[in-house]
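S.K.: Handing you a structure now.
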Amino acid sequence: MKWSHVALLMFLATVSLSAAEAEERQRATLIREGTLYSKPNSGSDQIAPLPRGSDLTVTERNGPPDNLWLKVTVAGRQGEPAREGWTQGRALITASTQNAEEIAYGEAVDSEHEAEKRSGRRSAADDSARLYRWTADTFPGTPLAGEALWRSADIDWQIARARGRKPIDESGMKEVMTKYPNTKWADLAAYEMIENQLCADPTAQASCAEKNAGVYEQYARQHRQAAKTLEALYNAAQQSGLVADIYRVRADKDRSAAAKKKALSLAQELADGNTSEWKTRGVDLLYKLQQNIPLYGLEQEQPEQ
Amino acid sequence: MVRTRGFVGVLGFLVMAAAACLAADKEHGTLVQESPIYVSPDLRASRVGTATRGLDTLLMERSTIDGKPWAHVLVTIQEGLIYPKQVSGWVDGRYVITASVANGDQIIFGEAQDSERVSEDRNGRKHAGEDAARLYYRLYEYFPTSPLAAEALWHAADLRWQLEKSGVFSRPSAQEMSPDARSSIDDTFMKELEKKYPRTKWSDLAAYDLLDNKICGRWKGETRCPEKESELYEHYAHDHPQSPKAAEALYNAAWRQAALVDMYKEQHQADKAEKAKRKAIEIAQEISGKYPDGDWKPRASQLIYVLQQGLMTYTAEKSNR
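Going down the list, the protein sequences come from chains A and B.
Per this note's numbering, the first sequence runs over residues 583 to 887.
Per this note's numbering, the second sequence runs over residues 66 to 386.
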């Protein structure tokens, strides 16, 4: 045998070995709750529970397909060290599982629905966010990736809001905007982030409502084709109408008239549009502004004493 | 004194009767903002009740006093547990929308949408959902030829349906398996919609809501419930292939077949479990083929994978509505 043949054989063996190793070392996740065991059997020590959407790396396989055990590394969260152990293979999908992105995404949708139920699974919202995130990170080139990353960031945002955290952490939304610029998802992320800029009680201060109106209008002008453009425009019109009411109550006629003019022009823009929901809401707002019907809680006129 | 009271009563009746006669040829209208009803067009006058958004009114006259527009209306109001009563009085004229107001249909529809959004807000106005339902219905009543009429009737019917459904399904009778054990959700508006706007998106949606009256309360581990429900949903999807709910109905049918796999396995009926598995996969594949957009295709893929891996779908708590 020539030396060149030996070298070729060795090269091929190395290539096939690294391919097999790569196949074994795969990114994976769970679509059902699992457990991390110290050994490949359910009688061994339990190291930790593995929730749906856990970010796993498969390092070893053991057993027949109908009783497959996988050695996995679980990525540590926020500075925690990674953990290693064994888990059952049935509820585990890897990047090479056929339709893996759809399966993970489908499970995320399912968990999201579960989270909306009054008697739904407690961890369902977190499960859903993790599964969406896994889909986006593992399959960045697929059509579902942008939406998955957006949904994951949105769920985290809603959870933070429900827990009363202010300002809400924007890192997830900023990641959507960086990874998928000029897309529907980036536009939605930008709209969500407006919440951190809004005044809490615009009915109390004209400057507050003015600021809110400005933020919404700026969004609508900068994101003309976004799913939230018309909603932003409506909010800008409504906040401007509120400014007009606040100044009217304070008998500041000039400022009230200027704010009303602005509100009317924004409402007219909506009323002239074609999209049914915001068109009709624009017409309703326009009517109220034209008729001087006060918005919000400032409507109860008192008789002159 | 008794005589005087009787006289006042008769006089009151005559005034109301006269108002009703006068109103016979008047315009119907509704309010887009809640307003007190005054006995005379004066903010200092006594209040005889409150006119809520979406309340049906007979507009008898409009007048402007000291620059303020007023509307003289005849309304039927119900406050608290008192029987409904007819009241004649004056409300803020700006709030009353009739068919003769320019863009009246769009104004009412917009206000209904606004109320519906408010009702979804945890801190939103109380009864905003009922306001929305009334407003949508008024649009359909006053503007039957409006392009918004069919959609308005659908929203009115659906809002009432969802309100009543949450009540019906929270009662102990909803814990029973048979749908006959609980009171049915009133289907009058849904039937009206199917009759007035047949073969439209709205009648398709109405038909989907109507399935709520046919599904089981709790399955209690009995296979006949998911069997029947799967059939109902599949039948709906094939009868209404263009419906926005067709993919969801197919998914519900497939999910119930998947639940049957677990139930039959528990009963050691391997053949039936295998048949249900094949049926579930077949329906899930139909979803992937027919409805590739949106969330239903990934959900169908997930269900197929779960079935192929022999993972559980059905748990007692998941079957509870």
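Even glycine gets a Cβ: it sits at the ideal position worked out from N, Cα and C.
Note that the structure is predicted; figures quoted are calculated from it, not measured.
Which whole-angstrom value describes the C-beta separation of Val-138 (chain B) and Thr-122 (chain B), a residue pair presumed to lie in contact below a C-beta threshold of 8 Å?
M.R.: Indeed they touch by this definition, with Cβ atoms about 4 Å apart.
S.K.: Would you tell me roughly how many angstroms separate the C-alpha atoms of Gly-354 (chain B) and Ala-338 (chain B), rounded to the nearest one?
M.R.: Between Gly-354 (chain B) and Ala-338 (chain B), the C-alpha separation is close to 24 Å.
S.K.: Is the region 284 to 297 of chain B close to the region 244 to 253 of chain B, with three or more CB pairs under 8 Å?
M.R.: They do not touch, by the three-pair rule.
S.K.: Could you tell me if Val-831 (chain A) is buried or exposed, where buried requires 16 or more neighbouring beta carbons within 10 angstroms of its beta carbon?
M.R.: Its Cβ having fewer than 16 others within 10 Å, Val-831 (chain A) is exposed.
S.K.: By DSSP, does Arg-127 (chain B) sit in helix, in strand, or in coil?
M.R.: Arg-127 (chain B) falls in the strand class under three-state DSSP.
S.K.: Anything in the region 680 to 712 of chain A with a Cβ closer than 7 Å to a Cβ of chain B? List those residues in chain order, please.
M.R.: The region 680 to 712 of chain A vs chain B, Cβ under 7 Å: Asn-681, Glu-684, Ile-685, Tyr-687, Gly-688, Glu-689, Val-691, Asp-692 and Ser-701.
S.K.: Is the shortest distance between the beta-carbon of Gln-873 (chain A) and the beta-carbons of chain B less than 8 Å?
M.R.: Yes, because at least one Cβ of chain B sits closer than 8 Å to the Cβ of Gln-873 (chain A).
S.K.: How would you write the range of the beta strand (DSSP E) that Ser-100 (chain B) sits in, first residue to last?
M.R.: From DSSP, the beta strand (DSSP E) with Ser-100 (chain B) extends over 100 to 103.
S.K.: If the criterion is Cβ atoms closer than 8 Å, does the pair Ala-610 (chain A) and Leu-632 (chain A) meet it?
M.R.: Going by C-beta atoms, Ala-610 (chain A) is not nearer than 8 Å to Leu-632 (chain A).
S.K.: Looking only at its own chain, which residues have a Cβ that is under 7 Å from the Cβ of Glu-777 (chain A), when we skip the five neighbours before and after it?
M.R.: Counting only Cβ-Cβ distances below 7 Å, and skipping sequence neighbours, we find Ile-750.
S.K.: Could you tell me if Glu-44 (chain B) is buried or exposed, where buried requires 16 or more neighbouring beta carbons within 10 angstroms of its beta carbon?
M.R.: Past the edges of chain B, shown from 66 to 386, lies residue 44 (chain B), and the structure says nothing about it.
S.K.: What does the alpha-carbon distance come out to for the pair Val-166 (chain B) and Glu-126 (chain B)?
M.R.: If I take the Cα positions, the gap works out to 14 Å.
S.K.: Across which residues does DSSP place Gly-420 (chain B) in a beta bridge pair?
M.R.: For chain B, the structure presents residues 66 to 386; residue 420 (chain B) sits outside this window and is missing.
S.K.: Gly-375 (chain B) versus chain A: which residues are under 8 Å apart at the beta carbon?
M.R.: Result: Arg-672.
S.K.: Quick one: grab the DSSP three-state call for Arg-806 (chain A).
M.R.: Note: Arg-806 (chain A) maps to coil in three-state DSSP.
S.K.: To the nearest whole angstrom, what separates the beta carbons of Thr-785 (chain A) and Leu-815 (chain A), a pair I think is in contact under 8 Å?
M.R.: Not a contact, Cβ separation roughly 20 Å.
S.K.: With a Cβ-Cβ cutoff of 8 Å, do Leu-726 (chain A) and Glu-683 (chain A) count as a contact?
M.R.: Against a cut-off of 8 Å, the Cβ pair of Glu-683 (chain A) and Leu-726 (chain A) comes out as a contact.
S.K.: So what does DSSP say about Leu-871 (chain A), is it helix, strand or coil?
M.R.: Three-state result, Leu-871 (chain A): helix.
S.K.: Can you have a look at His-300 (chain B) and say buried or exposed, based on whether 16 or more other CB atoms are within 10 angstroms of its CB?
M.R.: The residue is exposed, with fewer than 16 neighbouring Cβ atoms inside 10 Å.
S.K.: Would you mind reading off the limits of the alpha helix (DSSP H) that contains Lys-844 (chain A)?
M.R.: First-last of the alpha helix (DSSP H) with Lys-844 (chain A): 835 to 853.
S.K.: Using the Cα positions of Leu-867 (chain A) and Val-156 (chain B), report the straight-line distance between them to the nearest angstrom.
M.R.: Looking at the two C-alpha atoms, the distance is approximately 20 Å.
S.K.: Drop a sphere of 10 angstroms on the beta-carbon of Asn-907 (chain A), count the other beta-carbons inside from all chains shown, and report buried for 16 or more, exposed for fewer.
M.R.: Lying before the first or after the last residue shown, residue 907 (chain A) is absent from chain A, which here runs from 583 to 887.
S.K.: Excluding sequence positions up to five away, which residues of its chain have a Cβ less than 6 Å from the Cβ of Arg-321 (chain B)?
M.R.: Closer than 6 Å at Cβ, skipping near neighbours: Pro-291, Glu-294 and Ser-295.
S.K.: If we ignore side chains and look at the alpha-carbon of each, how far apart do Glu-603 (chain A) and Thr-679 (chain A) end up?
M.R.: Low confidence applies here, because Glu-603 (chain A) scores a pLDDT of 48, under 50, leaving its location unreliable and the question unanswered by this model.
S.K.: Thr-717 (chain A) and Tyr-687 (chain A): beta carbons closer than 8 Å?
M.R.: Yes.
S.K.: Name the chain B residues whose beta carbon is nearer than 7 Å to that of Gln-859 (chain A)?
M.R.: Per the sequence shown, the amino acid found at residue 859 (chain A) is Glu instead of Gln. Within 7 Å Cβ-Cβ: Gln-178.
S.K.: So within the region 699 to 731 of chain A, which uninterrupted alpha helix (DSSP H) runs reach at least 4 residues, ignoring any that extend past its ends?
M.R.: For the region 699 to 731 of chain A, whole alpha helix (DSSP H) runs of length 4 or above, ordered along the chain, are 706 to 720.
S.K.: From which residue to which residue does the beta strand (DSSP E) around Gly-616 (chain A) run?
M.R.: Segment 616 to 619, the beta strand (DSSP E) holding Gly-616 (chain A).
S.K.: Can you give me the Cβ contacts of His-303 (chain B) inside the same chain, cut-off strictly under 8 Å, excluding the 5 residues immediately before and after it?
M.R.: So the list is empty, once near-sequence residues are dropped.
S.K.: With contact counted as at least three CB pairs below 8 Å, one residue from each stretch, are the region 92 to 100 of chain B and the region 166 to 178 of chain B in contact?
M.R.: As far as the Cβ criterion goes, the region 92 to 100 of chain B touches the region 166 to 178 of chain B, which means the pair count is three or higher.
S.K.: Mind checking which residues open and close the beta strand (DSSP E) that includes Thr-811 (chain A)?
M.R.: Looking at the DSSP string, Thr-811 (chain A) is not in any beta strand (DSSP E); the run it does join, the alpha helix (DSSP H), is 811 to 831.
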